[in-house]
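In the order they appear, the protein sequences are chains Z and A.
Take the first sequence: its letter number 235 is residue 235 in our numbering, and every next letter is one higher.
Take the position in the second sequence, starting the count at 1, then add 1000; the result is the number in our numbering.
Below is one structure, written out as C-alpha cells, with a few remarks after it.
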Amino acid sequence: MLFTWFMLTGLILLFAPHDFTGKFQLAFVHIFRWPLSIGGNVALTARTPPSVEGAKQRSEAQYRNYVENLKQTLDEQTRKLEKLSGLYNTFVWEGADFALADVIIKTIDGSRNEMTINCRKTDGLMKGQYVLGDESVIGTISEVFPQIAKADVKLVTDSTSWIPVEVAGIKTIMTGSGNNAAKIVALKKEVKVEEKVFALKNLKEGGFLDAPIIVGKVVRCERNTQMASVWDLTVAPVCDIKSLEDVAVIIINPPK
Amino acid sequence: MRWFRFAALILTVTILQKGVLARWDNKPDLLLIALVFSATYLNTSDAIISSFIIGFAADLVGSPIPMGPHMISFGVFGTLLAYLNRVIAIRRLPYQALAIFVMGILAGVLTHVLAGESLSRSMFAVVLVTSLYSGFVGPFLVAPSAWWIGIRTGRLRRR
C-alpha cells in the first residue's frame, strides 16, 4: 500500500506541469542558498583552476608564434637588403634606384609570357622600365596598378615584346617568340652559339639603362629562310624564370 | 528508526550534492548511496518510505530534469533492493559496492527515460561514471551513516 501511494505521488509529480513542479526546485535552492553557496566556495577553493593554466599555455604559444613570425620577417628583410646591396654594388649608376618586388603569378604559355609582381614601392614605377631577375634583364613593366601595389611585367620572350639589344658588337632589335625564347632576325653577321646578348637603353619605351645588361645567350644561329645572306638567331634567357621568386625594377631618376 | 536524524542526514547529503559536488564534472551520487544504505539496513516498510523520500530529494536538486523521474526510479529500485536484501544479505563491502553500481545504472537509465531524454552514448557515459564513483565511495560511508541513524551494522539483524 505504501509503495502504491508513493508511486502515485511520483506519477503526479511526473505528469504535473513543469512550471509548477519547477517552483519546488527553486524554493529549495532559495531556502538553502546560504549552505549551497558555502559548499560552492569550498569547491572553488579546493579545485585547481585549469583554465588559468590553459590560458597561460595559450599565451605562451601565441608568444612563440609571434617570435617565429618576427624571425621569418627579419630573415626576409635581411635577404632583400643583401639583394639590394648587391644591386647597388653591381650597377653603380647615378640617379638609379631599384624597387624589389615579389613574383606572384607567372604565365609562360605559348606566345604569352608575362608575370605579375607585388611591388611595395610603386612610386616612380612606369611602363617600359626594365625588370631584373638574377641580375639579368627579364622583361619590362607593361602596366602599373598603384592602388594594389602590383605591376605586370612583359617578359622578353613574350611575342609582343621588342627591346634593343647588342650581340657580337651589333646593335639590333630582339623580339619575343614565345615558349621562353626570343629571336633576332636578319642579322648581317653569323654569330656563334653561346654568344651573350645585352639589353640596351630603350628611350622610346621608357627603359632606361646607363650600361648594357645581359638578357640572354644565343642558342641557335641559322640562315634566314627568305634571304640566305642574313642570319636568324634564337636567344634563350640566362635567368631561370620559372624558379624566379623576386625581381628588381630599375628606376632611373626616381622621384624624390 | 530515528526519523529526525535520517531527515537531517538526507538534507545534508542533498545540500552537499547540490552545493560542493555540483562543481565537479565526475562525482559520486550521495543520494544513491543513501538509497542503497536505507534499502539494505532498514526494515522493508522503512526502506520503501526512505527510498521515495530520497527520490524526492533527488528531484529537488535534479534540475534541469523535472520532478518525478527520480522519485519513481529511486522508489522502484529501492523497493526491489529492499525485498532482495531479505533473500540475499548485502553486508560485505564488495557486495555493497556492486549493489550501488548496479542500482546507479538502473536508476539512472530509468530516470533519463522517464524524463523524456534519448538514450545516447553521452547519457550512458555519465550514468556509468557516476555509478562507478558511487560504488567506490559508497561502502565507506555506510558505517558513519549507520552510526548517525543508530543502526548496528556488526551483525545480521532479524527484521
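Beta carbons: idealized from backbone N, C-alpha and C, even for Gly.
The structure presented is a predicted model; accordingly, all values stated were derived computationally and were not measured.
Given this structure, state the Cα-to-Cα distance separating residue i from residue j, to the nearest angstrom.
i       : j       : result
Z/K196  : Z/I141  : 23 Å
Z/I129  : Z/E114  : Looking at the sequence shown, residue 129 of chain Z is not Ile but Gln. C-alpha separation (whole angstroms): 14 Å.
Z/T157  : Z/N69   : 37 Å
Z/F28   : A/P1064 : 14 Å
A/R1092 : Z/F20   : 43 Å
A/P1094 : A/L1081 : 16 Å
A/G1062 : Z/N65   : 45 Å
Z/L11   : A/G1068 : 6 Å
Mind checking who residue i pairs with in its DSSP beta bridge?
i       : result
Z/W162  : Z/T175
Z/S136  : Z/G133
Z/I214  : Z/F198
Z/K183  : Z/T175 and Z/T234
A/R1091 : Paired residues: none, contrary to the question.
Z/E76   : Looking at the DSSP assignment, Z/E76 forms no beta bridge with any residue, so it has no partner.
Z/N69   : In the DSSP output, where bridge partners are listed per residue, Z/N69 has none listed.
Z/F145  : Z/K150
Z/E60   : Answer is none; Z/E60 lacks a bridge partner.
If I measure Cβ to Cβ from residue i and keep anything under 6 Å in the same chain, skipping five residues before and after, which residues do I get?
i       : result
A/V1142 : F1037
A/A1097 : G1135 and P1139
A/F1006 : I1149
Z/S177  : K183
A/V1108 : First, the amino acid is wrong: residue 1108 of chain A is Gly here, not Val. Excluding positions up to five away in sequence, the list reads V1127.
Can you find the residues in the same chain that come closer than 7 Å, C-beta to C-beta, to residue i, ignoring five residues on each side of it along the sequence?
i       : result
A/A1058 : L1031, H1070 and F1074
A/L1132 : F1101
Z/N118  : A101, D102, I104, A149 and K150
A/I1010 : A1034, I1053, I1054 and A1057
Z/L87   : F98 and A248
Hey, could you find the ends of the beta strand (DSSP E) residue i is sitting in?
i      : result
Z/K154 : K150 to L155
Z/P237 : W231 to P237
Z/T107 : A96 to D109
Z/D240 : Neither: Z/D240 is in no beta strand (DSSP E) and is coded neither H nor E.
Between the Cα of residue i and the Cα atoms of the options, which residue gives the shortest distance?
i       : options                               : result
Z/P146  : Z/D158, Z/R223 and Z/T116             : Z/T116
A/D1046 : A/T1079, A/K1027, A/P1028 and A/S1063 : A/T1079
Z/R33   : A/D1025, A/G1019 and A/L1106          : A/G1019
Z/T234  : Z/E135, Z/V193 and Z/F20              : Z/V193
A/L1106 : A/T1040, A/V1137, A/I1072 and A/F1004 : A/I1072
Counting only the same chain and skipping the five closest in sequence on each side, list residues whose C-beta sits under 8 Å from that of residue i.
i       : result
Z/F198  : V165, E166, V167, P212, I213, I214 and V215
A/L1016 : L1030
Looking at the unbroken alpha helix (DSSP H) that takes in residue i, where does it start and where does it end?
i       : result
A/V1020 : A/V1020 -> no alpha helix (DSSP H), and no H or E assigned at all.
A/R1002 : A/R1002 -> no alpha helix (DSSP H), and no H or E assigned at all.
A/A1125 : R1121 to I1149
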